[in-house]
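Per this note's numbering, residue 5 is the first one in the sequence shown, and the count goes up by one each step.
Even for Gly, the Cβ is constructed at its ideal location relative to N, Cα and C.
These figures come from a predicted structure and were not determined experimentally.
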Amino acid sequence: MKRLLTLAAALACLHALPAAAQFQKPEDAIKYRQSAFTLMGTHFTRIGMMAQGRVPFDAKVAAENAALVAALAKLPGAAFGPGTDTGRPTRAKAEIWTDTPKFLAAYERLLGEVAKLDAAAKTGSLDALKGAFGSTAASCKNCHDNFRSN
Numbered sequence: 005m006k007r008l009l010t011l012a013a014a015l016a017c018l019h020a021l022p023a024a025a026q027f028q029k030p031e032d033a034i035k036y037r038q039s040a041f042t043l044m045g046t047h048f049t050r051i052g053m054m055a056q057g058r059v060p061f062d063a064k065v066a067a068e069n070a071a072l073v074a075a076l077a078k079l080p081g082a083a084f085g086p087g088t089d090t091g092r093p094t095r096a097k098a099e100i101w102t103d104t105p106k107f108l109a110a111y112e113r114l115l116g117e118v119a120k121l122d123a124a125a126k127t128g129s130l131d132a133l134k135g136a137f138g139s140t141a142a143s144c145k146n147c148h149d150n151f152r153s154n
């Protein structure tokens, strides 16, 4: 299972490689990844509002947002290339580039958790969504704690 997730994450990163070729300057890559994370966070928050009971649960809306989060999560990986640690204000920590294997492992975990969230949302079960949301949120927090400055 772990090999399958690693392979899926690697393929997702390869899928995003055409985007990396589009970056004329490091600033373009930084803006791209920041935009992807902003969109991802917006749709993830919508799921969280349902999982936390702050808005009524709507299985269709949850599934739509989870599918968007799953698609968006694949985008930022291509925008952490060499030279993208400077060039524009960013909250990315230097550890992304100095401890790349740890960062890539965290990113792979995120992709795996997001895939589980997407699958849970498709079941239409609020309980399944809550469990997957909690695991995905923990994965997000791990990256924020280790690779993002406040």
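How many whole angstroms separate the CB atoms of residue i and residue j, which I take to be in contact at a CB cut-off of 8 angstroms?
i    : j    : result
M54  : F48  : With a Cβ gap of about 11 angstroms, M54 and F48 do not count as contacting.
A40  : L79  : 4 angstroms
P30  : T102 : With 8 angstroms as the limit, P30 and T102 do not qualify as a contact, their Cβ atoms being about 17 angstroms apart.
S143 : L114 : 5 angstroms
Are the CB atoms of residue j and residue i within a distance shorter than 9 angstroms?
i    : j    : result
I51  : F137 : yes
A63  : L130 : yes
R95  : N146 : no
A74  : Y36  : no
A33  : T88  : yes
K106 : A70  : no
Near residue i, what residues of its chain come up, given a Cβ to Cβ distance below 8 angstroms and the 5 sequence neighbours on each side ignored?
i    : result
H148 : none
V65  : R50, M54
Please list, in chain order, all residues of the same chain as residue i whose beta carbon is under 7 angstroms from its beta carbon, the five residues on each side excluded.
i    : result
A132 : A124
A77  : M44, L114, L115, V118
S139 : E117, K120
L72  : H47
V59  : M53
If you compare alpha carbons, which of the options is closest to residue i?
i    : options               : result
A181 : E117, G128, T140, P93 : Any answer about residue 181 is impossible in this case: the structure gives the chain only from 5 up to 154.
G57  : A141, K134, S139      : K134
E99  : T42, A110, K126       : A110
Return the chain-ordered list of same chain residues with a C-beta closer than 6 angstroms to the C-beta of residue i, the five sequence neighbours on each side being excluded.
i    : result
F27  : A33
A141 : none
Tell me, please, whether the CB atom of residue i is closer than 9 angstroms to any CB atom in chain B?
i   : result
P80 : Reference to chain B is not applicable here, since this structure consists of a single protein chain.
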